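Numbers in my numbering are just positions in the sequence shown, counted from 1, shifted up by 139.
Just so it is clear, CB atoms sit at the ideal spot from N, CA and C, and this is done for glycine as well.
This one's a predicted model, so the numbers in the text were calculated from it and none came from an experiment.
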Amino acid sequence: MLPTRLPIVSPGPTPPCQEKNLCDAVGASFDLTCRILDREPRPEFALNKVREQYDALELLAYLEKRYSARDGLILAITDVDLFISVLTFVFGEARLSGRAAVISTFRLREQYYGRPSDEEIFFSRVEKSAIHEVGHMLGLVHCADLNCVMHASNTVADTDVKSPMLCPNCHAGLRKIS
Ligand SMILES: [Zn+2]
Ligand SMILES: [Zn+2]
Numbered sequence: 140m141l142p143t144r145l146p147i148v149s150p151g152p153t154p155p156c157q158e159k160n161l162c163d164a165v166g167a168s169f170d171l172t173c174r175i176l177d178r179e180p181r182p183e184f185a186l187n188k189v190r191e192q193y194d195a196l197e198l199l200a201y202l203e204k205r206y207s208a209r210d211g212l213i214l215a216i217t218d219v220d221l222f223i224s225v226l227t228f229v230f231g232e233a234r235l236s237g238r239a240a241v242i243s244t245f246r247l248r249e250q251y252y253g254r255p256s257d258e259e260i261f262f263s264r265v266e267k268s269a270i271h272e273v274g275h276m277l278g279l280v281h282c283a284d285l286n287c288v289m290h291a292s293n294t295v296a297d298t299d300v301k302s303p304m305l306c307p308n309c310h311a312g313l314r315k316i317s
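Okay, structure coming up:
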């Protein structure tokens, strides 16, 4: 039995209908119930003023403190640009087999790359990023299969190539928690 709850908190503006669709998609992928929590304020505490980006690990530490283990797994969605110290940016970050993850929509919009807005592509990237990070919380590491949602994305092109599905190997490796 997989976790029964996957609260999604959303620091920053994400259209509510998108949160609902995302909740449904992530829930269906892992056979878990997902609910949307109250919005959080923008995570200004995690801002690195030199990089003008937000520290993903600080955000995870905040989520782990703010929510108890009883709340289940936590996936936060934010529109701020995230980084970890060794990388220029991250699309998302999660504790492996942990209970907190965050994804950023900052680099998922076509407009970020100077192209016309495309909501379908945008949502598909958000969905894959969310499923990928939840996969990490459920014990999955990166997968070599380009089409598997657990394949690492260094660019949005990587994200666009992969499907929102787990390959059979990854599916078999899901951590079982109750
Ligand atoms: Zn990953
Ligand atoms: Zn895989």
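Tell me residue i's beta-bridge partners as DSSP assigns them.
i	result
E232	V241
Y193	L186 and L221
I260	Paired residues: none, contrary to the question.
I216	I242
Between residue i and the rest of its own chain, which residues show a CB-CB distance below 6 Å, the 5 nearest in sequence each way excluded?
i	result
Q192	D220 and F222
H275	A233 and L235
L173	The displayed chain sequence assigns Cys, not Leu, to residue 173. The answer, listed in chain order, is L145, C162, V165 and G166.
Could you tell me whether the Cβ atoms of residue i and residue j are closer together than 9 Å?
i	j	result
I270	V288	yes
E272	A233	yes
D297	H290	yes
I242	F228	no
L212	L161	no
L226	A215	no
My understanding is that residue i touches residue j, with C-beta atoms under 8 Å, so please give their C-beta distance in whole angstroms.
i	j	result
K301	L313	Not really, about 17 Å apart at Cβ, beyond 8 Å.
Leaving out five residues before and five after residue i in sequence, what residues of the same chain have Cβ atoms less than 8 Å from its Cβ?
i	result
H281	M289, H290 and A291
R190	F222
K159	I175
Might you give, ordered along the chain, the residues of its own chain that have their beta carbon closer than 7 Å to the beta carbon of residue i, omitting 5 neighbours on each side?
i	result
R254	none
K204	none
S224	none
Does any residue of chain D have a CB that is nearer than 9 Å to the CB of residue i?
i	result
D170	You won't find chain D in this structure, because it holds only one protein chain.
| task | Determine, using beta-carbon pairs with one atom in the segment 234–251 and one in the segment 204–223, whether at least three such pairs fall under 8 Å. | result | yes
| Is the segment 219–227 in contact with the segment 177–197, if contact means three or more CB pairs nearer than 8 Å? | yes
| said: Within 8 Å, do at least three Cβ pairs link the segment 262–278 to the segment 244–251? | reply: yes
| message | Pairs of beta-carbons, one from the segment 296–309 and one from the segment 192–202, closer than 8 Å: are there three or more? | response | no
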